[in-house]
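Notes for the one structure printed next.
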Amino acid sequence: MTEEWSARALTTKDIAEKPDLFLSGHRACAGCAPATVMRLIMKATRGPTIVTQATGCMEVVSSIYPYTSWATPWLHTAFENAAANASGIEAALKIMKKKGRIKQEHVDVIALAGDGGTYDIGIQALSGAVERGHDFLFVLYDNEAYMNTGIQRSGGTPLGAATSTSPAGTVMPGKLERKKPIAEIMVAHEMPYVATASPYYWRDLLTKVRKGLEVNGPAFLHVLAPCPRGWRSDPAKSIEYSKLAVESCVFPLWESVNGQCQLSVPSKLIALAPQKKKPVTDYLQGQGRFRHLFTPQNKRLLEEIQRITDERWQRLLKKCQTA
Amino acid sequence: MKSIVKQEIIALNGDEAVAYAVKQSDVDVVAAYPITPQTIIVEKFSEYVANGEVQTEFVCTESEHSALTACLAASVTGARTFTASASAGLALMHEMLFVTSGCRAPVVMAIANRALSAPLNIHGDQSDSMAQRDSGWIQMYVESTQEAYDSIIQAFRIAEDLQVLLPVIVGLDGFTLSHSLENVKALPDDIVKKFVGTRQLPLVATHEGKSAPFKLDPENPMTMGPIAFPDYYFEFKRQQEEAMKNALAVIQKVNSEYAEVSGRSYGNGLTDVYCLEDAEVAVVCLGSTAGTIKTVVDELRQEGIKAGLLRIRTFRPLPVEEIRRALENVKAIAVMDKSMSFGGNGGAVFHEVRHVLYDVKAHPYVVNYIYGLGGRDTSPRELRRVYEDLQRILQTQRVKKPIQYLGLRE
Amino acid sequence: MNSREKSWKEIAPAGVCSKSSSGFLTGDWKTYMPVRDLEKCTHCLLCVLFCPDGAIRWKPEKADIDFDYNYCKGCGICANECPTKAITMKLEQE
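Residue numbers (the numbering used here), protein chains in the order written: chain A, 2 to 324; chain B, 161 to 570; chain C, 91 to 184.
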């Protein structure tokens, strides 16, 4: 029996009343926003669900044998293949249903991966699974580096961020490459549903997870998930940073439904009232990974970050205007 | 003794025979990526799918790594799965081979044995699957197209046996078997379906305190593929080894059950002997070369030479007892390797046979011939030379060259 | 833990997990603990949603929330996000 959400806006009570399917007792760091994201995603499930996950922080902290934090069926195999796992599970469910071996009316398949298992090593399997049109939801929880193995840079690490493989040194000020526009890459696959989300905007996130599950075909959700350890930020502020990222337009919220792009409410409000757009420095300061940018010799890089943020924001506005 | 069923004779090459066997085996999911010389398996199967001749979900993955992943994931969801590969494709799957056996998923995979790069070579040798012998997969090497057909059907039974639960590789020599046409005796559809049966699942204890069938099922949630720290990992690996041990008996059982229905048996399923009972000199090999060697043995026997052949059909698990029993009275043995273990002082099969014979009181001479790499053909004359070398060893009681390369331009 | 003594013959194959993580209490990780001022709390339940550990639970029978200090790691997200600043982080006393 799939659970229908009523037409009225979701309340915190609606969500708080649902039992957690991502259980307490996992070994994530204190203040881990990806853990909040896991909890929220699982709150948005609508019925029988199978979860498959790539190697990464959330996979490791939730499945330390003999303990598991997953109240749903859950499979992990390797780092680069969450989407291939999902493909296999979906294919099995499809054929077994045809042969009368599945009792459930429908089973949702969710693939979870970090930026490691999505932008870089995972992109092949993701692209292939989407091209083949499997019915599953892929959620990228983006903490912007290979956090589990020690904060190494990924394709999702933003420009200027210091990581263990792109440290801020005397000659090189952190990562010199831009953050790969992964959600736009997925839109270019002409897939039914792509969206970005942030845990502070919980209602937006939950609605998008649900929308992704409801799509008959592949759906992709990119969720920003601050990591206090890797970002060298105050653990208490992890959710706040996910808000500042949206308010400064570093991480705008939008969705693409069959290629039609539209801004989500939190970003739409900024589009309508540009004075509300915060400077990137509001977001960057307080994060130790960007601390070196606030020195005179790196002033140019800070300006570059603002410029790129504005450019991407303008491009997004243009794309969403045709909706 | 059940009566042998009437079988249709179909002209099939090795790849086609594999595809045909898969077609009949009620496979749920096939996820595969093409690579020479396995492509015909995938193509033939696509035809079956396109014509509605199979009830199988066919996934054309974007790489072999994803193909095996998808098969593994489908398998632990409860589906019967199959895939095929060779050479670089199998190499690309390397990581997932270990994961598949670690997850105890009974995936069946046909390997059209082919050389590994570099340089690039599309022809047949056994380096691809030999390089994966530590991965926890059962490995069988077939001598003929007929055996390829038979072994695929048997493989599902072996893999899914509750005492085993290990994935199986069936290796057929690239081009030599994969592309060679034979008159294959095919069992009727209903007989094969009955033989493979429905997949049984073991019961496992879940974190909810239930005992449930081992599969991803929202009815009985369970977590598969966790991280296991040094306090647990070792125990899981020991379990896999026990499953390998159990496979020795299961492979023999399936071989004889299959013989009752088809009239065909391959030795005892683990090894096959030819003129070995009183042999003084013998050759050990895997795969199709055995066929050529048999003609050489016949010739030598005509000349009064006590020559014999041991074909190892099941390489993993290694049939230690069978190898020892077959060879313990042979005086000089040549082990043929169609692959190399660089820097290893001989090939893999040589190492393993030698180590099995180490404790044998008679302590026979055991030498190695590396041959056929990159699809280099080996003639009966060259194989006869091997037996002549063995005889010379017995005459002189000396081994001049323990490792030789048959057919190499020195 | 007696499961550490289980031999390879006793554990489920393929690493199927045998215990729920709710049996693993992470509450001893914290240095600071959240303390709520009931006067200021409006029961918005944002803390319930944002807690990474699900350590704040809505109890319908009490029509109130409950802090489960057995799992709370003391990160302070609840205090930071509370719209009325009803939660403060206090040093945990023994």
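We treat Cβ as the ideally placed atom computed from N, Cα and C, and that holds for glycine. In this text, all values refer to a predicted model and were calculated from it rather than measured experimentally.
Please classify residue i: does DSSP put it in a helix, a strand, or coil?
i, result
"B:A171", "strand"
"B:G262", "helix"
"C:P150", "coil"
"B:R471", "strand"
"B:S245", "strand"
"B:L363", "strand"
"B:Q412", "helix"
"C:I101", "coil"
"B:K491", "coil"
"B:K354", "helix"
"B:D537", "coil"
"A:E1", "Because chain A in this structure spans residues 2 to 324, residue 1 of chain A falls outside the shown range and cannot be described."
"B:I282", "coil"
"A:D21", "coil"
"A:P174", "strand"
"A:L222", "strand"
"B:Y309", "helix"
"B:T431", "strand"
"A:C30", "coil"
"B:M161", "Residue placement at B:M161 is flagged as unreliable, the pLDDT there being 48, under the threshold of 50; a coordinate-derived value is accordingly withheld."
"B:H254", "helix"
"C:C165", "coil"
"A:C58", "helix"
In chain order, what residues of the same chain have a beta carbon less than 6 Å from the beta carbon of residue i, not counting five sequence neighbours either side?
i, result
"B:V516", "V480, I483 and R484"
"B:Q292", "L257"
"A:M187", "V195 and F221"
"B:I164", "G423"
Which stretch, first to last residue, makes up the beta strand (DSSP E) that contains residue i?
i, result
"B:F475", "T474 to R476"
"B:F510", "Here B:F510 belongs to no beta strand (DSSP E); instead the alpha helix (DSSP H) covers A508 to L517."
"A:Q263", "Q261 to L264"
"B:S371", "S371 to P373"
"A:I51", "T50 to Q54"
"B:K345", "L341 to A346"
Residue i: buried (16+ other C-beta within 10 angstroms of its C-beta) or exposed?
i, result
"B:Y518", "exposed"
"B:L326", "buried"
"A:M2", "Unreliable placement is indicated for A:M2, whose pLDDT of 38 sits below 50; the coordinate value is still reported in the next sentence. Exposed: under 16 other Cβ atoms inside 10 Å."
"B:S277", "exposed"
"A:M173", "exposed"
"A:R316", "exposed"
"B:F502", "exposed"
"B:R558", "exposed"
"A:T56", "buried"
"B:M161", "Any reading at B:M161 must be qualified, since the residue scores a pLDDT of 48, below 50, and its modelled position is unreliable; no value is offered."
"A:N217", "exposed"
Considering residue i, what are the terminal residues of the alpha helix (DSSP H) in which it resides?
i, result
"A:E18", "T13 to E18"
"A:R230", "P229 to W232"
"A:K320", "K300 to Q322"
"C:R126", "Here C:R126 belongs to no alpha helix (DSSP H); instead the beta strand (DSSP E) covers Y122 to R126."
"B:E224", "E224 to V236"
"B:I201", "T199 to A210"
"B:D288", "S287 to M290"
"A:I124", "I124 to E132"
For residue i, collect the residues of the same chain with a Cβ closer than 8 Å to its Cβ; drop the 5 residues on either side in sequence, then sort them by chain order.
i, result
"A:L76", "I51, V52, T53, Q54, N86 and I90"
"B:V490", "L436, A439, E440, V441, A442, G468 and P524"
"A:L11", "R204, L207 and T208"
"C:V106", "none"
"B:E222", "Y193"
How many whole angstroms separate the CB atoms of residue i and residue j, which I take to be in contact at a CB cut-off of 8 Å?
i, j, result
"A:F139", "A:F221", "5 Å"
"B:I493", "B:Y525", "7 Å"
"B:G238", "A:M97", "6 Å"
"A:G123", "A:A83", "6 Å"
"A:K181", "A:G161", "No, A:K181 and A:G161 are not in contact; Cβ-Cβ is about 15 Å, not under 8 Å."
"C:V101", "B:E395", "Note on residue identity: the sequence assigns Ile, not Val, to residue 101 of chain C. With 8 Å as the limit, C:I101 and B:E395 qualify as a contact, their Cβ atoms being about 6 Å apart."
"B:A270", "B:S287", "In fact, because the Cβ distance is near 17 Å, the residues do not count as touching under 8 Å."
Near residue i, which residues of its chain fall below 7 Å by C-beta distance, leaving aside the five closest residues on each side in sequence?
i, result
"B:L543", "T452, I453 and V456"
"B:T336", "G284 and S448"
"A:A45", "L207, V210 and R211"
"B:V352", "Q184, S185 and I313"
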